[in-house]
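A quick write-up on the structure given underneath.
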Amino acid sequence: MNLQESANQYALVLRQLLPTGVYDTSAKTTLAKDIYAHALAFAQADLDAKRLLNVITDIPVELLPEYERDYGLPLKCTVNATKTVQERIQTLKWVMDKKNVLNRLYVKELLAQFGITLLELVNYKPMQCTAPCTSPVNTDVLRYKVKLKLKAPVNADINCIIENYLPAYIRYDIEVI
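Written as structure tokens, this is what we have:
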């Protein structure tokens, strides 16, 4: 979409936002010219922002606090809050890329962010092949369970990590080796 088309779209929306019956919404009035001038400014700002975002490949250090605030950083449950700028940018990029997907790699990388080494992740499937189709699956007896085998020492608060970053419908059994 070029500048002219974008400005026309903005002008259409701005005209629709005028109170009904108070202003003349026809295209020949002074108000319409004013609306179009504002729409052109919005379209130009939008176009400039898209160009700027296409040019920026890395996170500027000056904008790091804003990026961290937008993505909920620093991470909760962090043992050592003093990180270098490069470590902060690396954590921010990891959060931006991951989108909180629950799989083995995500859990391993998440725990690595807190200095915890995941040795093994054991899945238990709560399904009984002899049970009827209508029997409950996720009861207290048959919970979805995951066993996390972690390398000692574990300096981070693992319960805080589980509470804030992993799904609540899974029961996590922790074993420190």
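Mind the numbering: the sequence shown is residues 991 to 1167 in the working numbering, read in order. Note that beta-carbon positions come from the ideal geometry of N, C-alpha and C, so glycine has one too. Note that the coordinates shown come from a computational prediction; the quantities given were computed from them, not determined experimentally.
A straight-line Cα-Cα distance of about 15 Å links proline 1157 and tyrosine 1114.
Residues of the same chain with a CB within less than 7 Å of the CB of valine 1051, apart from the 5 flanking positions on each side, are Val1075 in chain order. For glutamate 1052, there is no enclosing beta strand (DSSP E), as DSSP marks it with neither H nor E. Distances from the alpha-carbon of arginine 1041 to those of Leu1082, Ala1029 and Leu993 put Leu993 closest. Burial check for valine 1097: the Cβ neighbour count within 10 Å reaches 16 or more, so the residue is buried. The beta carbon of alanine 1142 sits closer than 6 Å to those of Val1166, all from its chain and outside the five residues before and after it, given in chain order.
For asparagine 1113, the enclosing beta strand (DSSP E) covers residues 1108-1114. Between lysine 1066 and lysine 1139, the alpha-carbon positions lie close to 22 Å from each other. Beyond the five residues adjoining it in sequence on each side, valine 1112 comes within less than 6 Å, by CB distance, of Lys1137 in the same chain, given in chain order. Per the coordinates, the alpha-carbon of aspartate 1087 lies some 18 Å from the alpha-carbon of proline 1055. In the assembly as shown, tyrosine 1000 is a buried residue. Its beta-carbon has 16 or more other beta-carbons within 10 Å. Contact between the region 1094-1109 and the region 1144-1151 is established, with three or more Cβ pairs separated by less than 8 Å.
Membership of lysine 1088 in the alpha helix (DSSP H) is indicated by the continuous run 1075-1088. One Cα belongs to lysine 1018, the other to asparagine 1044, and the distance between them is close to 37 Å. Straight across, the Cα-Cα distance linking alanine 997 with asparagine 1093 is about 44 Å.
Counting the other Cβ atoms within 10 Å of the Cβ of leucine 1100 gives 16 or more, which makes it buried.
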